[in-house]
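There are 2 protein chains.
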Amino acid sequence: MMTIGEAARASGVSAKMIRYYEETGLIPAAGRTGSGYRTYGPKEVQILRFVRRARDLGFPMEKVAELLALWRDRDRASADVRHLAEAQIAALDRRIREMQEMQATLSHLVRSCAGDDRPDCPILDDLGGHPGEPARPA
Amino acid sequence: MMTIGEAARASGVSAKMIRYYEETGLIPAAGRTGSGYRTYGPKEVQILRFVRRARDLGFPMEKVAELLALWRDRDRASADVRHLAEAQIAALDRRIREMQEMQATLSHLVRSCAGDDRPDCPILDDLGGHPGEPARPA
DNA sequence: GCTTGACCTTCCCATGATGGGAAGGCCCAT
DNA sequence: ATGGGCCTTCCCATCATGGGAAGGTCAAGC
């Protein structure tokens, strides 16, 4: 049995976050010693590592909770897990696309900016917005 | 002169956020009517639109502040603006790459999961972490 | 047995950007 | 003058994370 600090080191999840996960019900409440210290065994550490890895893969907490439920109940169809993973892939895809659009716009703007010592870079004009006349701000 | 609600509609920035931007110093404090209402003119609306557009392009508030400073002082070299934009492109690149790595890992896992009615999907094993034996959690 | 230092506990606060909502004041049209 | 819609400030919540204070505990060294 380990203390929360040891479990943190073994799992890569900070002690702060372990307490938070417990508080929010993501993980079950840890056992306690007579004096109130939380205790963790290998199983608990593995759960924490599971959470860590899922978070690293970009799963939001809510989805991590679903994955944990599936993990706890091994009789669930693998299709459920697969669907969660596929949904996460799709979510990442959407966010990647959004950012790529931002990038494309910025690249376009950068190409139209001399980048020399002169003032007047069209990027600022674009940001100022086309709808109005390019009045200089106060 | 418009009220905050009109400025919000004209700029696409919510009234809440306009007050927040003012509070945090991103934009200068608006003028006030005798009875305390904030007033906005076309220039202020343009600034708000500037902020909105920059945020849409993924610039963090801090960078938006820098861009605004550059905008306010048109004598600054266009190189400054270009560098900010390029840095933002690079930042987006890093985040995109991170997410693509997550995607790749997930795709790999999904390919190894039958996705049928049987239990036991290797995704869960991966999440559980290789370092230990695949002990089932409590 | 006592001190010391490392650890644990809970509790509160902060982040960043945004929204929700309450309580109270203002403005304009009817 | 009344009502509805707008404004004001202030507080609270989000999500996941960290910082830090105040106080208890444990183990090692003397």
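Line order of the protein sequences matches chains A and B. In this text, residue positions in the first sequence follow our numbering: the first is 1, and each later residue adds one. In this text, residue positions in the second sequence follow our numbering: the first is 139, and each later residue adds one. Heads up, the beta-carbon is just placed ideally off N, CA and C, and yes, glycines get one too.
For the alpha helix (DSSP H) containing residue i, list its first residue and its last residue.
| i | result |
| --- | --- |
| Val51 (chain A) | Pro42 to Asp56 |
Which partner residues does residue i have in the DSSP bridge list?
| i | result |
| --- | --- |
| Gly31 (chain A) | A:Thr39 |
| Met140 (chain B) | B:Tyr178 |
What is the DSSP secondary structure of residue i, counted as helix, strand or coil?
| i | result |
| --- | --- |
| Pro198 (chain B) | coil |
| Asp135 (chain B) | With chain B represented from 139 up to 276, any question about residue 135 (chain B) goes unanswered, as that position is not in the structure. |
| Val151 (chain B) | coil |
| Asp125 (chain A) | helix |
| Ser250 (chain B) | coil |
| Leu244 (chain B) | helix |
| Tyr158 (chain B) | helix |
| Leu92 (chain A) | helix |
| Leu26 (chain A) | coil |
| Pro269 (chain B) | Here Pro269 (chain B) scores only 47 on pLDDT, less than 50, and its place in the model is too uncertain to base an answer on. |
| Ala146 (chain B) | helix |
| Glu98 (chain A) | helix |
Please state if the CB of residue j and the CB of residue i are separated by a distance shorter than 8 Å.
| i | j | result |
| --- | --- | --- |
| Ile89 (chain A) | Leu195 (chain B) | no |
| Ile4 (chain A) | Tyr40 (chain A) | yes |
| Ser52 (chain A) | Gly25 (chain A) | For the record, residue 52 (chain A) in the displayed sequence is Arg; it is not Ser. No, the Cβ-Cβ distance between Arg52 (chain A) and Gly25 (chain A) is not below 8 Å. |
| Leu92 (chain A) | Met155 (chain B) | no |
| Glu160 (chain B) | Ala153 (chain B) | no |
| Val45 (chain A) | Ala79 (chain A) | no |
| Val110 (chain A) | Glu224 (chain B) | yes |
| Val219 (chain B) | Leu206 (chain B) | no |
| Leu222 (chain B) | Glu204 (chain B) | yes |
| Val202 (chain B) | Arg193 (chain B) | yes |
When every heavy atom of the ligand COA is checked, does at least one fall within less than 7 Å of the C-beta of residue i?
| i | result |
| --- | --- |
| Met1 (chain A) | No copy of the ligand COA appears in this structure; indeed no ligand is present at all. |
Residues within the stretch 79 to 97 of chain A neighbouring chain B, beta-carbon criterion of under 9 Å: Ala79, Asp80, Val81, Arg82, His83, Leu84, Ala85, Glu86, Gln88, Ile89, Leu92, Asp93, Arg95 and Ile96
Residues of the stretch 153 to 181 of chain B in Cβ contact with chain A at a cutoff of 8 Å, in chain order, please. Pro166, Pro180 and Lys181
Using a Cβ-Cβ cut-off of less than 8 Å, list which residues of the stretch 99 to 114 of chain A approach chain B; keep chain order. Met99, Gln100, Met102, Gln103, Thr105, Leu106, Ser107, Leu109, Val110, Cys113 and Ala114
Along the stretch 2 to 13 of chain A, where does the CB come closer than 7 Å to a CB of chain B? Name the residues. none
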